[in-house]
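The working numbering numbers the first residue of the sequence shown as 5 and each following residue consecutively.
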Amino acid sequence: MFDQDDKLTSPINHDTNNAKDVSETMPNDIEACDSVAQNIEDFLSSIKPQLANINSALERSGEQTHQATIKE
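Structure, rendered in structure tokens:
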């Protein structure tokens, strides 16, 4: 647990070398977009079987107006 009486004693160094090192480790915009797109694709792939089960249950019950679909 963090003790509120503890103080962070290391100063923040604002020299240009630190800034350069940090920027080199940060993903660029394209990498970030690619990562988000991949995460979305993975999520959609993971829920497709669940949607198929829901749709098949809805079909068996005669309900077709509320079926779920994923557009590709």
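A virtual CB, placed ideally from N, CA and C, is assigned to each residue, including glycine.
Cα-Cα separation, residue i to residue j
i, j, result
"SER49", "ASN32", "26 Å"
"ILE34", "SER60", "39 Å"
"ALA36", "ASN43", "11 Å"
"VAL40", "ASP46", "10 Å"
"GLY66", "THR73", "17 Å"
"ASP38", "ILE51", "20 Å"
Own chain partners of residue i with C-beta closer than 6 Å, once the 5 adjacent residues on each side are dropped
i, result
"PRO53", "none"
"ASN57", "none"
Proximity test, residue i beta-carbon vs the ligand HEM heavy atom, cut-off 8 Å
i, result
"ASN59", "Absence of the ligand HEM from the depicted structure is noted, as is the absence of any ligand whatsoever, leaving it without description."
DSSP three-state assignment for residue i, whether helix, strand or coil
i, result
"ASN43", "helix"
"ASN32", "coil"
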